[in-house]
Every structure is written in structure tokens, then in C-alpha cells.
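S.K.:
Here's what the structure looks like:
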């Protein structure tokens with residue numbers, strides 16, 4: 276969990292706690308050394324000629340106590356003190372400095388073998404090993420010098436720190452009382468353990484600097500972070516404390532920051548749709564950015580935001596091998612005080628790419644920004660000014676004024692959409708559109724249902740491929756089967772070359788609804804259906820269009836119920852009409868009647884409209900079988 280609390284510490288929380296322990300370490304060291312400066316200055320001792328080989332003013336079992344307003348006291352003890360041949364004052368043997376708080380509560384202890392200072396107390400030397408114990412933390416070094424003129428504590432020796440949760444080391448320590456700056460340098464290495472988990476978080480760097488006045492600090496790098504299989508790095512790690520507490524306000528991973536999280540996800544599962552959908556993308560994550568910033572709530576350990584800036588990338592990897600990658604100039608995650616995701620933001624050149632390991636299916640979404648709230652799994656993708664948001668679903672390419680992508684179900688919605696079916700994957704034919712060639716769709720709205728692999732279009736739809744076009748108010752189709760349906764002012768226009776004559780003509784079919792069945796290679800237009808050919812027009816309740824394999828060629832058309840055929844000034848009415856593409860003729864049956872303006876009417880059992888030469892054949896069966904040819 277990225278947030279601290281009863282949900283368990285996450286990677287960001289571990290970095291925050293490690294930095295907090297480092298701050299405590301520095302404060303411990305500073306407190307121990309600064310106490311010498313805070314003790315009341317004693318009367319000046321006039322220097323005397325240095326004895327050649329003897330110790331003077333030697334005292335045994337030294338104990339000195341300084342009280343400060345009754346609230347705390349500082350206690351000095353040593354086996355003995357003396358002024359040596361070097362004319363320096365020495366406290367030697369079990370030297371201890373104990374800082375007590377109110378009511379005898381123990382605060383800190385500094386112990387060593389010897390403290391040396393001059394007569395004017397301008398320079399103190401903690402000779403040999405020096406130990407500091409503070410709030411359960413032990414600090415070990417040697418040969419610490421305090422220069423009162425420079426107001427500086429320093430040592431160039433190795434520094435070790437240890438506690439129940441932290442082990443660390445560095446080489447060299449300095450603290451300036453002029454600018455309140457502490458520096459722990461030289462091959463800095465820290466190992467921090469969590470109470471719930473014995474695997475430590477290891478941090479290495481070149482040096483650590485803490486500015487007490489501004490309550491800011493930095494670990495100079497290269498900085499590395501490692502815990503189990505997880506790792507991270509940056510050129511520098513900065514941190515800030517709140518003004519009134521020693522709790523961390525901000526942590527920065529600066530300069531080529533990267534985090535590889537393994538088996539400790541940034542986002543665990545949650546009841547909220549947004550966080551749940553991110554958790555489902557994969558338990559392993561890789562994060563890269565020029566800078567990563569972690570903010571906490573005021574005077575709290577709870578993570579408020581996780582912000583990546585500068586060429587940011589966040590990749591999720593699932594156990595099955597599926598991958599989801601977000602890229603943008605800036606990627607932010609904002610949390611509430613309960614540790615739940617409040618908002619995800621991907622800003623300035625936002626892009627998301629997904630790939631399924633098993634099927635090889637790919638998806639991508641591109642816009643100027645992507646935003647998702649914690650209560651929803653929908654990414655709101657918006658383009659830049661004058662641009663278009665874009666998406667790709669395998670070989671389908673989409674441009675839109677606005678895009679919404681559902682992370683959980685992998686649905687997609689678009690407004691002001693233009694869709695290109697490239698034909699690269701040779702999906703099932705949709706109507707008379709060939710699967711291997713690109714086809715295009717424009718619509719006011721589009722929706723794609725990921726699990727069903729189904730497209731829905733709404734509002735001023737136009738679909739085309741070469742010279743073939745289809746328009747409707749609503750249209751939908753199944754990506755796998757090619758089954759399709761349309762509603763509201765459906766119109767299909769496509770070229771056709773009759774076998775019986777030269778040239779190409781346009782076929783124009785319209786109706787209120789459309790059903791397309793690729794398995795049967797047919798399209799059914801129903802309610803106020805109308806077929807317009809170059810030399811005839813057919814109207815009926817229903818038109819059934821028979822297509823060749825994969826919708827390549829027109830093989831025939833059947834009109835049924837209240838059929839009307841118009842050819843020039845003649846009109847035929849019947850119940851069923853069949854267009855024979857091979858013969859280039861329309862046969863009307865079902866008690867057909869032919870009416871010709873100004874010439875009366877003719878009835879028969881079958882009327883055949885020959886489109887090539889414009890003649891009509893009237894046939895009667897039974898006892899009085901006859902055939903009559905009516906010329907145009």
C-alpha cells in the first residue's frame with residue numbers, strides 16, 4: 276500500500292520511514308554534540324607554562340551536573356580529569372554525558388574514553404571511540420572535534436548507526452552551528468527493517484545533508500534503494516520536514532528516478548473501482564521519471580500524493596505476462612486520508628499501451644491528458660487544443676474529440692469518432708465490406724465492449740470502403756462473427772457489374788433497419804425497404820441481399836411483402852420479387868399485376884423484368900398457359 280497505516284507499509288511508505296530514521300539519526304548526533312555548546316561557560320582559566328612531563332590539577336571520579344530551568348539537566352561523569360603536559364585539559368576514563376528530560380526521563384547518552392579541550396575552551400576533541408544513544412538508536416564514531424570559533428562539529432572517521440529497525444554507516448560527519456547544517460558523508464549505506472517483514476530496505480548514497488533551519492535534507496547520489504526483489508535509483512534524494520514536527524512532508528527522488536516494484540504493488544485491491552482496476556493490471560510495476568515526489572498529509576505519515584514528472588513511465592506486469600504502460604510528461608496519484616485513490620492524472624502527452632500475453636491482443640490510448648477518479652475505472656482521455664484523442668484496438672484505429680477507456684472491462688467510448696478498420700488482422704466480413712481491405716466509420720458516438728468484442732455507433736453514421744458506403748442513425752457489429760445490425764435511415768450504396776452487360780452500375784438500398792449475417796452471406800433490410808438499380812426500382816417491406824464469399828460480390832436480391840417494381844412508366848405489384856444477378860432480371864410473383872400509365876393493366880402468374888433491354892415478360896400457367904412480351 277502506498278499509504279501508511281493499518282493497511283501495511285508500501286514502497287513509498289518504506290522510503291518515507293527510512294528518511295525519517297535518517298533524520299532522527301542526525302538529530303541525535305546534533306543534540307549530543309550541541310549540548311557542549313549549551314552548557315554554561317565556566318570562568319576563564321589563565322594559561323600557565325606547560326609542565327614538561329607531569330599532570331596537574333588531577334581529580335578522580337569527576338561528576339558535574341547542570342540544571343536548566345528545572346525541566347532538564349545535563350550530567351558529566353569521568354574517572355578523572357587533569358591538565359596534561361600539552362597544557363590541555365583532559366577528562367578520561369568512562370566519560371559519559373547524560374541529557375535528562377523532565378522528571379528524570381532519559382533522553383540521550385554520549386560516552387567515550389576521553390575529552391580534551393584547551394584552557395579557553397575554543398576546541399574540544401572527543402578522542403577515540405564516541406557512542407551516542409538516543410531514543411533506542413545507537414550512534415558510533417571516533418575522534419570528534421568541536422571548533423568553537425568555526426562553530427563546527429566534525430569527524431572524518433567512520434560513522435555507524437543501529438537500532439531495532441535501522442543499520443547504517445557513513446564516513447565523516449560535520450555539523451555547523453552557524454547555518455545549522457549537518458553532513459554525513461562517504462559511502463552512505465542504510466538498511467531499514469519493517470516490524471511486519473524482516474526484509475530490509477537498503478539505501479546507499481554518497482552523502483547526506485540536513486539543513487536544520489529550513490528543515491530540508493538531501494542524499495547525494497547516485498542513490499540506490501533495494502528491498503527483496505524490488506529496487507530503485509536516482510541521482511539525489513531530497514526530503515522536507517513539517518515546520519512543527521519531525522515528520523516528513525515531502526520526499527523527492529531527483530534525476531533519472533526509477534523504481535522496480537516486485538511482489539509489493541503500488542496499488543493493492545480495493546472496493547473502489549479506480550484503485551481496484553489499477554491493482555488488477557499487475558502486482559509488479561516499473562516506474563521511471565526525471566523526478567518522483569511523495570507528499571504526506573499535514574503532520575501525518577499518511578501519503579497524500581505520488582507525483583512523477585519529466586518523461587514519466589509507469590508499467591504494470593501481471594503474473595500471466597500481460598503488460599500495461601502509462602507514459603506522459605507527468606503522472607500523479609492523489610490519495611485520501613484513508614489511503615484510497617482519489618484521482619489519477621496523466622498529463623502532457625499522455626499515452627497508455629496494453630498487450631495481452633496469451634492472445635497477443637494490443638490496445639493503446641493517446642491524448643494530451645488522462646484523468647481517472649478513485650470511484651470510477653474510466654480513464655477520461657482528452658486531446659490538446661485543435662487535436663484529436665486516439666486509440667488503437669489491435670488493427671482498429673480510432674480518432675475522437677473525446678475518449679473514455681474502461682480499465683476494468685477494457686471498454687472504450689468516443690465522441691466525434693472516426694474509426695479505421697485497417698484489415699491487417701482479416702477479421703470477419705461485415706456486410707459487403709471485405710475484411711482484408713481498410714474500411715472507415717464516422718459517427719457522433721462510438722462504444723466498444725471489450726469482453727464482447729462488439730462495436731456500437733450512434734448518430735450520423737457513415738461507413739465506407741472504396742465505392743461502398745453504409746449510413747444509419749445506429750449501427751453495431753460483432754468483431755469476431757461479423758454479425759451486424761443498423762437502425763434509423765439505413766442506406767447502403769455499392770457498385771455492381773452485371774454479368775450480362777458491359778459497364779458498372781450503382782446499387783442503392785435503404786430501409787429502417789438492417790440485419791447482416793456473414794455465415795449466410797446475406798443482409799436483410801426491413802420496413803420501408805427500397806432498392807434502386809440503374810434501370811428499375813423495387814420497394815417492399817423486406818429486402819434480402821445475397822452476397823458472395825466474404826461479401827465480395829452481389830449474387831441476388833429478394834424482395835417480399837407488398838412488393839412494387841417500377842421500370843420507366845410501368846409498375847408491377849406482387850408479393851415476392853427476386854433479382855437474378857446472372858440473368859440481370861427481376862422476377863415478380865404472388866399474383867402480380869402490371870400497370871402501364873395510359874395503357875391499362877396486365878395480370879399473370881409471373882412477371883419478369885429484363886433490365887438489359889427493358890422488356891417485361893408476362894407468364895400464365897395452368898390450362899391457358901401463355902407468354903407475353905411487353906417491350907419498352
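In my numbering, the protein residues as written are 276 to 907. Where a beta carbon is used, it is the ideal one built from N, C-alpha and C, also for glycine. For clarity, every value in this text was computed on a predicted model and none was experimentally measured.
1) With 16 other CB atoms within 10 Å as the buried threshold, where does residue 774 fall?
2) Count the other C-beta atoms from every protein chain shown that fall within 10 angstroms of the C-beta of residue 874, then say buried if there are 16 or more, exposed otherwise.
3) Residue range of the alpha helix (DSSP H) that residue 417 falls in?
4) Sort 610, 583, 536 by Cα distance to residue 591 and report the nearest one.
5) Would residue 337 pass as a contact of residue 353 if the rule is Cβ separation under 7 Å?
6) Where does residue 974 sit, in a helix, a strand or coil, going by DSSP?
7) Just to confirm before moving on: does the CB-CB distance between residue 715 and residue 739 stay below 7 Å?
8) Note down, one range per segment and in chain order, each beta strand (DSSP E) of at least 3 residues found wholly within the region 492-529.
9) Just curious, the beta strand (DSSP E) that residue 625 is in, first and last residue?
10) Taking only the alpha-carbon atoms, compute the straight-line gap between residue 792 and residue 673 and give it to the nearest angstrom.
11) Taking 7 Å as the cut-off, decide whether the C-beta atoms of residue 786 and residue 801 are in contact.
12) Do the region 592-601 and the region 686-697 touch if we need at least three Cβ pairs shorter than 8 Å?
13) If you count every other CB in all the chains shown that lies within 10 Å of the CB of residue 505, and 16 or more means buried, which is it?
14) Looking only at its own chain, which residues have a Cβ that is under 7 Å from the Cβ of residue 797, when we skip the five neighbours before and after it?
15) Unbroken alpha helix (DSSP H) runs of length 4 or more, entirely within the region 523-594: which are they?
16) With a floor of 3 residues, list each beta strand (DSSP E) that falls wholly inside the region 808-886, ordered by position along the chain.
17) Using the Cβ count rule (16 or more neighbours within 10 Å means buried), how would you classify residue 340?
18) Counting Cβ pairs, one atom from each stretch, are 3 or more of them under 8 Å apart for the region 595-607 and the region 619-634?
19) Could you say if the region 382-396 and the region 354-370 meet the contact criterion of at least three C-beta pairs nearer than 8 Å?
20) Can you tell me where the beta strand (DSSP E) with residue 705 in it begins and where it stops?
21) Buried or exposed: residue 634, going by 16 or more other Cβ atoms within 10 Å of its Cβ?
22) With distances taken Cα to Cα, identify the nearest neighbour of residue 617 among 872, 581, 640.
23) Excluding the 5 residues flanking residue 547 on each side, which residues of the same chain have their C-beta closer than 7 Å to its C-beta?
24) Kindly give me the distance between the Cβ atoms of residue 485 and residue 457, rounded to whole angstroms, as I take these residues to be in contact under 8 Å.
25) On the three-state DSSP scale, how would you describe residue 455?
26) Can you check DSSP and say which residues form a bridge with residue 389?
27) Give the DSSP bridge partners of residue 771, in chain order.
28) For residue 896, collect the residues of the same chain with a Cβ closer than 6 Å to its Cβ; drop the 5 residues on either side in sequence, then sort them by chain order.
29) Quick one: what does DSSP say residue 755 is sitting in, helix, strand or coil?
30) Quick one: using the 10 Å Cβ neighbour count with 16 as the cut-off for buried, is residue 842 buried or exposed?
31) Assign residue 397 to one of three DSSP states: helix, strand, or coil.
32) What's the C-alpha gap between residue 356 and residue 394?
33) For residue 321, which three-state DSSP category applies?
34) Count the other C-beta atoms from every protein chain shown that fall within 10 angstroms of the C-beta of residue 867, then say buried if there are 16 or more, exposed otherwise.
35) According to the Cβ coordinates, are residue 552 and residue 682 closer than 7 Å?
36) Exposed or buried, what is residue 735 when buried is set at 16 or more other beta-carbons lying within 10 Å of its beta-carbon?
M.R.: Looking at the atomic coordinates:
1) Burial call: exposed.
2) Under this definition residue 874 is an exposed residue.
3) From DSSP, residue 417 is part of no alpha helix (DSSP H) but of the beta strand (DSSP E) over 412-422.
4) Closest by alpha carbon: 536.
5) Going by C-beta atoms, residue 337 is nearer than 7 Å to residue 353.
6) Lying outside 276 to 907, the shown extent of the chain, residue 974 is not represented and no answer is given.
7) Going by C-beta atoms, residue 715 is nearer than 7 Å to residue 739.
8) 505-516, all fully within the region 492-529.
9) Here the beta strand (DSSP E) through residue 625 covers 616-630.
10) Straight-line Cα distance between these residues: approximately 25 Å.
11) Their beta carbons are under 7 Å apart, which means residue 786 touches residue 801 by this criterion.
12) Fewer than three pairs of CB atoms, one per stretch, sit closer than 8 Å, so the region 592-601 makes no contact with the region 686-697.
13) A residue is called buried once 16 or more other Cβ atoms fall within 10 Å of its Cβ, and residue 505 is buried on that count.
14) Excluding positions up to five away in sequence, the list reads 819, 820, 821, 822.
15) Listed in chain order, the complete alpha helix (DSSP H) runs (minimum 4 residues) inside the region 523-594 are 548-554.
16) Whole beta strand (DSSP E) segments, 3+ residues: 812-822, 829-842, 845-855, 860-864, 868-871, 875-878, 881-885.
17) Counting Cβ neighbours within 10 Å, residue 340 comes out exposed, since fewer than 16 surround it.
18) The region 595-607, when compared against the region 619-634, does touch it at the 8 Å Cβ threshold.
19) Verdict: yes, contact present.
20) No beta strand (DSSP E) holds residue 705; DSSP gives it neither H nor E.
21) Taking all protein chains shown into account, residue 634 has fewer than 16 neighbouring C-beta atoms within 10 Å of its C-beta and is therefore exposed.
22) Checking every option, the nearest Cα to that of residue 617 belongs to 581.
23) Its chain contains 615, 616, 649, 650 as the residues whose beta carbon lies nearer than 7 Å to that of residue 547, once the 5 sequence neighbours on both sides are disregarded; these appear in chain order.
24) The pair is a contact, with the Cβ atoms about 5 Å apart (cut-off 8 Å).
25) Of the three classes helix, strand and coil, the one that applies to residue 455 here is coil, per DSSP.
26) For residue 389, which the question treats as bridged, DSSP gives the partners 367, 402.
27) Paired residue(s): 780.
28) Hits under 6 Å: 880.
29) Judged by DSSP in its simplified three-state form, residue 755 adopts coil rather than helix or strand.
30) Flag for residue 842 reads buried.
31) Coil.
32) C-alpha of residue 356 to C-alpha of residue 394: approximately 13 Å in a straight line.
33) At residue 321 the pLDDT is 39, less than 50, meaning the model places this residue with poor confidence; the figure from the coordinates comes in the next sentence. Three-state DSSP puts residue 321 in coil, outside helix and strand.
34) Around the CB of residue 867, 16 or more other CB atoms lie within 10 Å, so the residue is classed as buried.
35) Taking a C-beta distance under 7 Å as the contact criterion, residue 552 and residue 682 qualify as a contact pair.
36) It counts as exposed.
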